[in-house]
Amino acid sequence: MKNRSILKNIKIWAVFFMAIFMIAVISLDLYSILSNYKVKRSTIRADFIESKKLQLKEEVLNVVELIDYARNKNKVNVREQLKNKCENMYSIFNTLYEKHSTHHSEKELKEIYFNILKKFRFQDNIGYFFIIDNKGYGVFHPYLEDYPGTPIHDTMD
Numbered sequence: 001m002k003n004r005s006i007l008k009n010i011k012i013w014a015v016f017f018m019a020i021f022m023i024a025v026i027s028l029d030l031y032s033i034l035s036n037y038k039v040k041r042s043t044i045r046a047d048f049i050e051s052k053k054l055q056l057k058e059e060v061l062n063v064v065e066l067i068d069y070a071r072n073k074n075k076v077n078v079r080e081q082l083k084n085k086c087e088n089m090y091s092i093f094n095t096l097y098e099k100h101s102t103h104h105s106e107k108e109l110k111e112i113y114f115n116i117l118k119k120f121r122f123q124d125n126i127g128y129f130f131i132i133d134n135k136g137y138g139v140f141h142p143y144l145e146d147y148p149g150t151p152i153h154d155t156m157d
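When you line the sequence shown up against UniProt numbering, it's residues 1 to 157, in that order.
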């Protein structure tokens with residue numbers, strides 16, 4: 001009977017230790033799975049963030065290229081428009097000179113030209129003409145009264 005009791009106790013303790021061993025093995029396995037999950041999650045997240053950064057960078061570069069293209073195209077258009085405006089203004093002044101040079105002095109003709117230029121605007125009313133002589137001195141500016149005779153070598157419009 002004592003042997004049975006010892007045998008019974010051994011069986012109970014064996015089951016108990018087996019259960020504890022199984023719990024320990026399962027716990028280690030779960031810990032390993034969880035660790036691998038965290039590493040994979042971090043890797044996937046880092047890869048996702050990196051791919052989004054690259055995608056965003058590419059989109060920003062595309063937008064910058066589009067802006068540069070539009071800006072350059074606008075510059076070309078503005079230059080062409082300005083060239084046409086200058087040619088038209090030259091034609092108008094040349095016609096005025098041919099018709100009125102015999103009746104008016106050079107000073108009177110300049111005053112007529114300057115009055116026309118003061119009122120003439122382009123580019124949505126922000127563009128205007130100003131005149132510089134061949135030596136780099138201001139001759140006319142619609143907004144600056146003291147412009148005539150001013151050296152404009154280092155001046156920006």
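Every residue, glycine too, gets a C-beta built ideally from N, C-alpha and C.
These figures come from a predicted structure and were not determined experimentally.
Taking 9 Å as the threshold (beta carbon to beta carbon), is residue i in contact with chain D?
i, result
"Tyr69", "Considering every chain present, this structure includes no chain D. It has just one protein chain."
What does DSSP give as the partner residues of residue i in its beta bridges?
i, result
"Ile20", "For Ile20, which the question treats as bridged, DSSP gives no partner whatsoever."
"Tyr137", "Pro151"
"Ile131", "Phe140"
"Phe122", "Gly127"
I need the straight-line Cα distance from residue i to residue j, nearest angstrom please.
i, j, result
"Arg79", "Lys99", "30 Å"
"Lys118", "Asn74", "25 Å"
"Ile67", "Asp124", "21 Å"
"Asp133", "Asn72", "29 Å"
"Leu56", "Lys40", "24 Å"
Measuring CB to CB, does residue i end up less than 9 Å from residue j?
i, j, result
"Arg121", "Tyr128", "yes"
"Val139", "Pro151", "no"
"Ile92", "Ile116", "yes"
"Tyr97", "Leu109", "yes"
Ignore the nearest five residues each way along the sequence and tell me which others in residue i's own chain have a CB closer than 7 Å to its CB.
i, result
"Ile131", "Val139 and Phe140"
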